[in-house]
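Notes follow the structure.
Number of protein chains: 4
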Amino acid sequence: MSSTFGKIFRVTTFGESHCKGVGVVVDGCPPGLELSETDIQFQLDRRKPGQSKLTTERKESDQVVILSGVENGRSLGTPIGLMVANRDQRPGDYSDMQAIPRPSHADFTYQVKYGIRAGSGGGRASARETIGRVAAGAIAEKVLRQVYGVQIVAWVSAVGDIDASQPDMENITRQAVDKNLVRCPDQAAAAKITGAITEAKNAKDSLGGVVSCVCRNLPAGLGEPVFDKLDALLAMAMLSIPATKGFEVGSGFAGARMRGSQHNDPFIQKGKRLGTVTNYSGGIQGGISNAEPVYFRVAFKPPATIGREQATADFKGKETVLAARGRHDPCVVTRAVPIVETMAALVLLDCAMRQSTRCFKDLTPC
Amino acid sequence: MSSTFGKIFRVTTFGESHCKGVGVVVDGCPPGLELSETDIQFQLDRRKPGQSKLTTERKESDQVVILSGVENGRSLGTPIGLMVANRDQRPGDYSDMQAIPRPSHADFTYQVKYGIRAGSGGGRASARETIGRVAAGAIAEKVLRQVYGVQIVAWVSAVGDIDASQPDMENITRQAVDKNLVRCPDQAAAAKITGAITEAKNAKDSLGGVVSCVCRNLPAGLGEPVFDKLDALLAMAMLSIPATKGFEVGSGFAGARMRGSQHNDPFIQKGKRLGTVTNYSGGIQGGISNAEPVYFRVAFKPPATIGREQATADFKGKETVLAARGRHDPCVVTRAVPIVETMAALVLLDCAMRQSTRCFKDLTPC
Amino acid sequence: MSSTFGKIFRVTTFGESHCKGVGVVVDGCPPGLELSETDIQFQLDRRKPGQSKLTTERKESDQVVILSGVENGRSLGTPIGLMVANRDQRPGDYSDMQAIPRPSHADFTYQVKYGIRAGSGGGRASARETIGRVAAGAIAEKVLRQVYGVQIVAWVSAVGDIDASQPDMENITRQAVDKNLVRCPDQAAAAKITGAITEAKNAKDSLGGVVSCVCRNLPAGLGEPVFDKLDALLAMAMLSIPATKGFEVGSGFAGARMRGSQHNDPFIQKGKRLGTVTNYSGGIQGGISNAEPVYFRVAFKPPATIGREQATADFKGKETVLAARGRHDPCVVTRAVPIVETMAALVLLDCAMRQSTRCFKDLTPC
Amino acid sequence: MSSTFGKIFRVTTFGESHCKGVGVVVDGCPPGLELSETDIQFQLDRRKPGQSKLTTERKESDQVVILSGVENGRSLGTPIGLMVANRDQRPGDYSDMQAIPRPSHADFTYQVKYGIRAGSGGGRASARETIGRVAAGAIAEKVLRQVYGVQIVAWVSAVGDIDASQPDMENITRQAVDKNLVRCPDQAAAAKITGAITEAKNAKDSLGGVVSCVCRNLPAGLGEPVFDKLDALLAMAMLSIPATKGFEVGSGFAGARMRGSQHNDPFIQKGKRLGTVTNYSGGIQGGISNAEPVYFRVAFKPPATIGREQATADFKGKETVLAARGRHDPCVVTRAVPIVETMAALVLLDCAMRQSTRCFKDLTPC
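Protein chains in written order, with the numbering used here: chain X, 21 to 386; chain E, 21 to 386; chain V, 21 to 386; chain G, 21 to 386.
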């Protein structure tokens, strides 16, 4: 198990689908930050199930409680404990699913790795695990916004074979993203995606998709060569989200098809700072932010748990057929948008705090 | 700076282009391993510059020396120090390049981050930095091969707009990969790539490309949920390699276009173990290896340093024109093949050693 | 903040005196362990305030709840969340103490370090912080007992100027220690100590003391040279307990007065293993356990919060007089006994799990 | 193996007695620091063997070479590799010592832990291992001195049963300490100690002793509650030095005999800062520095390797007699003085850099 992320702004998550609750301990949050449950609940609400017909119909209120580390509305600099109680703590009737590992789910690998696994609901491989990340990341977002004016905006850029047009990365906002249930700022594409997800849901099937993200107003200098490069940490953060299969930053895989003379971003003075004319680099050069927008894309596979019958084998290797019961997301990208944003925030704030050690003379807290 | 990678099998690299040498300290290597410089030199030779007309013509012998941790040809379990001396320690005449940051290189970001930078050759952002990783990873490979029979094979699967056909992932070997200078097992594609690189070189330009990699005979159970998932660590490892822009595992971005009923990998008994019929998962489910081959692809951008004239600005923001002097790689993927393999080995061995803590009763070294 | 301890068996604590609760996340616990609240409550009960007239009279039930990581009475290998609710969450009337930092307490240093501090009760410097450690350590104890038969026994060996005689370290038990309220197995000394603590309490003063500890049935090979030596980690663990001022292992400071010919522990065959005739080494040589009992002593200062008037200065430097109100421990060593034991357990189990990586071939969980 | 120390200013050491060399990689050093070999050699010279008749007569020049991370006399912020070549790389004739583990040395425990050990000279348990720490710590000292004016001074305060008088901790200097070969500023005690060590040496025996250390001009706020308290980290650092048996800070074990009313350090205004009248706390309260001098004492056992005959058993358990050949230190405290100082510097600088993350707004390197 490795449930801790970050070096300075460190988060440690806990909880699975059918225990008392899921949560996180945030260690290293700057002291003196104004903080209340409201600051955190916002992103949990965007992540929670049952938001719309496009997600699982299972409803959870997912109310966060601050357990520690905040007094009189201000962070103390001590660990901030956060918890969301699980409404339904009774392991359900998953008896037949116990014998048959779901294809492309984590049932089999958890059993092999630990010699035991949660009897239901996917345990730590359940989507509920992401609650801790999102709660912690909402705090990180607030710090970044307050100190640097950082804006992190993610959106759905593709579902199945429907590709949305690329928004203006300098100006796309969360309000624009949240205008439709799909969280896709291209309204025409959003309509098509709504149709496709509805169709897949009715067919007891599922769909994959892509989430894009841009981070603006970052200071230059974030990212720690040579292993903790900013893009390397973002890649790790994104691939640690359940159901992800790929990550690309800036020009990405398309950049591999280009020539240096096209791909290089020439420098140009932008106000007080040196900027670049183009941004194929995606705001990162040599693993370090250059103050241009950081943007990246994350591929999500179609959810493994589907209602359709699948020919497969049980744990003993005997051929069988599985049709998952219960209510499942036909496509995860809509709910993944806040997860991508908050994971990005965790990476960026940790990098900013690590960079601050290069100017270590002034030890007085801000 | 973050020059340490891994939790149990930990490597710490040092050195830049024009200091006394580059190297690595490997801490946590299993004791009793047969080890000599030869085991390490093999991959350094595949990485070194000047191998062929397709790489930089700068020649370096890159001979590794074991400084510590090995006695009478066996590892002691103590830190293994490895060093490759730099032949040319004199900072060259880079005076005009001092004033002009190379577009899409790390000159600008290093200067901003550290307030100082190596006067020449890219410092830690130089390709020489990868020598430490490759040397350490060659040891990791040997351990994995000896204990589990793990085979890690990477190859060039695309350069510019030339895509090679996919080899048989169950059988592709390093010998097959090394049959041509490009390290592309599709001979027809290799010929085209040779032509394209030669053309780009003559045009004082550069080309991007893709390296693919497969890891076979891995035990199931590797990878530490929830943050240190096997695919998340591989993504981080690959994006920490200079010039990378993307990573995808298994079905990758193509998987985002699929439906669950297509994408799910049904289980089937394979000899003594439960395997899967297809392998869209890329050998990893829930962040944990399932004993099927792990495969992934890494996108490399075209090298930033090119001989062609580029309109850009100097550090002070003044418009200028830069044409890099010196001998540079027109395309890095050929030399990147051993880097991808050895970084994969570092991730896999560290995960195997972490998994071993789940059976911690037997404390006698093997 | 650094609220995480351990590399493989990692614990992250949270909570201060007047928030919703205090607790811990235990990451890396071996899967399949039988575990219930009872296993943990035992040591919390030995730690809790209000046990006797020798401790603070403030009563707290300190009931632990398992939030996650355990299903059907067995650990899942996933993070185990543990919490003890705080009964009194209302910050008390500490208004005058707000202006005057308590001498030798952490009020001043927390204020300087964080620029803010908990308004009452000491915040993270409160004794309540130790609840998380003790709860996590109780799990570690159970694993060590079950796997190796490890026995960890601590006791009060001195209070003020009263020194207890040394018990037989091969045979001293917790039952013997808990026979009196002082937790000192020398009954005559215990009686004197009871008198001394009562006297100090009546005088609104406090007393320091020493806790000794022995760990038996440890396997040889625990401890990671060169920085994470077993004795170095024990020293860190003990000095991280509030109010500690010193640590010595084996011969300790007395050993510094000896000659090598006296101090060296000659080897002798003991059944199937090589043991030592004497044990001045305290069971550790070169930072690694040698299978002889590990023993050490920890010095605790007299509690800083006393009811007597003290001439001091307020935060602005103005001379004043402070007499602490409330109910405080006149001497902490009695309640420190389970804290010392459980911190030792955290160190020992983590070292055992780290040592298991030296035999990493077998990846099947026990 | 755990050869890395520190979180931000991280050092990774390598090397044993008879390999090519011993050294260290320093990662996280502030960029722009003026640095040359001379800054480092100073402390290596105070540590090296053969300085005087009181140490081993084995002579080594121990010249350090900077391998990387420094250009034109300034640190680049990249890893600084440092190495000292071993003059004698030939494993000596230790054949009989191979069969007989030295009592109270690490021969037995290394063999059990790793299943293999260096054939001679103690391997990583050799005193040569400390070269890396001292070299890295010399850099840390320079940074602390330059940024805060920190002064770290250690001295020998006891050898065998000879106790030196305590110097004025506000004013004791390294020059005063180095006035005699013993490094004890009490000249009368130094003379007696010289006699005692000479006598022990002639008797082929060895002596233990105590090193004291004071750190002045530290800023308040250093140390990370709750596990990485400043005193906890110092304890760990000191107990990781070979041959140590105890650590006490401030009042130490004597403080355990005191009453709170005596032991508490009342506050008083000192110029611009709030200080304390007494300093039983040893400059640390709640694990955080308070700007008063930090002082502590470290107990060293008598060296295990002695020329006298000792009755013991060989690895097979057979009774035998061992008399160590070769030249050994009769007492290590004299050479331990710079080791204690530099380990303290590593802790203090790392804590200062960690504290700087609390003011993370300004990301421009100093």
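By construction, the Cβ of each residue, glycine as well, lies at the ideal position given by its N, Cα and C atoms.
Is the beta carbon of residue i sitting closer than 8 Å to the one on residue j?
{"i": "residue 33 of chain V", "j": "residue 149 of chain V", "result": "yes"}
{"i": "residue 335 of chain G", "j": "residue 294 of chain V", "result": "yes"}
{"i": "residue 158 of chain E", "j": "residue 86 of chain E", "result": "no"}
{"i": "residue 151 of chain E", "j": "residue 364 of chain E", "result": "no"}
{"i": "residue 411 of chain E", "j": "residue 216 of chain E", "result": "Limits of chain E in this structure are 21 at one end and 386 at the other, which puts residue 411 of chain E out of reach."}
{"i": "residue 263 of chain V", "j": "residue 212 of chain V", "result": "no"}
{"i": "residue 104 of chain X", "j": "residue 83 of chain X", "result": "yes"}
{"i": "residue 268 of chain V", "j": "residue 265 of chain G", "result": "yes"}
{"i": "residue 309 of chain X", "j": "residue 369 of chain X", "result": "no"}
{"i": "residue 357 of chain X", "j": "residue 175 of chain X", "result": "yes"}
{"i": "residue 143 of chain E", "j": "residue 96 of chain G", "result": "yes"}
Tell me whether residue i is buried or exposed, calling it buried when 16 or more other Cβ atoms sit within 10 Å of its Cβ.
{"i": "residue 207 of chain E", "result": "exposed"}
{"i": "residue 169 of chain E", "result": "exposed"}
{"i": "residue 162 of chain G", "result": "buried"}
{"i": "residue 339 of chain G", "result": "exposed"}
{"i": "residue 362 of chain X", "result": "buried"}
{"i": "residue 291 of chain X", "result": "exposed"}
{"i": "residue 153 of chain V", "result": "buried"}
{"i": "residue 377 of chain X", "result": "buried"}
{"i": "residue 186 of chain V", "result": "exposed"}
{"i": "residue 248 of chain G", "result": "buried"}
Keeping to the same chain, check which residues put their C-beta closer than 6 Å to that of residue i; ignore five residues upstream and five downstream.
{"i": "residue 386 of chain V", "result": "With a pLDDT of only 49 at residue 386 of chain V, under the threshold of 50, the placement of this residue in the model should not be trusted, and no figure is reported."}
{"i": "residue 76 of chain X", "result": "69, 347, 348, 349"}
{"i": "residue 230 of chain G", "result": "177, 178, 317, 319"}
{"i": "residue 270 of chain X", "result": "300, 301, 302"}
{"i": "residue 200 of chain G", "result": "210"}
{"i": "residue 342 of chain E", "result": "120, 330, 332"}
{"i": "residue 98 of chain X", "result": "89"}
Give me, in chain order, the residues of the same chain whose beta-carbon lies closer than 8 Å to that of residue i; leave out the 5 immediate sequence neighbours on both sides.
{"i": "residue 198 of chain V", "result": "66"}
{"i": "residue 62 of chain X", "result": "158"}
{"i": "residue 366 of chain E", "result": "25, 26, 29, 31, 153, 156, 157, 160, 257"}
What does DSSP give as the partner residues of residue i in its beta bridges?
{"i": "residue 279 of chain G", "result": "V:227"}
{"i": "residue 290 of chain E", "result": "E:293"}
{"i": "residue 258 of chain E", "result": "For residue 258 of chain E, which the question treats as bridged, DSSP gives no partner whatsoever."}
Give every residue of the same chain whose Cβ lies closer than 7 Å to the Cβ of residue i, excluding the five residues on either side of it in the sequence, and list them in chain order.
{"i": "residue 281 of chain G", "result": "none"}
Relative to chain X, which residues along the region 89 to 103 of chain V have a C-beta separation below 9 Å, given in chain order?
Listed in sequence order: 89, 90, 91, 92, 94, 95, 96, 97, 98, 99, 100, 101, 103.
Note down, in chain order, all residues in the region 45 to 67 of chain X with a beta-carbon under 8 Å from any beta-carbon belonging to chain G.
Under the 8 Å Cβ criterion, the region 45 to 67 of chain X contributes 48, 50, 51.
Residues of the region 267 to 284 of chain G whose Cβ lies closer than 9 Å to any Cβ of chain V, in chain order:
Under the 9 Å Cβ criterion, the region 267 to 284 of chain G contributes 267, 268, 269, 270, 271, 272, 273, 274, 275, 276, 277, 278, 279, 280, 281, 282, 283, 284.
The region 361 to 372 of chain E: positions lying closer than 9 Å to chain G by Cβ:
Under the 9 Å Cβ criterion, the region 361 to 372 of chain E contributes no residue.
Listed from N- to C-terminal order along the chain, which residues in the region 117 to 138 of chain V have their beta-carbon within a distance smaller than 9 Å of any beta-carbon of chain G?
Interface annotation for the region 117 to 138 of chain V against chain G: 120, 121, 122, 123, 124, 125, 126, 127, 128, 129, 130, 132, 133, 134, 135, criterion Cβ-Cβ distance under 9 Å.
Could you name the residues of the region 139 to 160 of chain V whose beta carbon sits closer than 7 Å to any beta carbon of chain E, in the order they occur along the chain?
Going along the region 139 to 160 of chain V in chain order, one finds no residue with a Cβ nearer than 7 Å to chain E.
Members of the region 187 to 213 of chain V that neighbour chain E once the beta carbon cut-off is set at 7 Å
Of all residues in the region 187 to 213 of chain V, none is placed with a Cβ closer than 7 Å to any Cβ belonging to chain E.
Closer than 7 Å, Cβ to Cβ, to anything on chain V: give me those residues from the region 227 to 243 of chain X, in chain order.
Legend: CB atoms of the region 227 to 243 of chain X lying less than 7 Å from CB atoms of chain V are not found in any residue.
Chain V contacts from the region 346 to 362 of chain G (Cβ-Cβ distance under 8 Å):
Answer in chain order: no residues at all.
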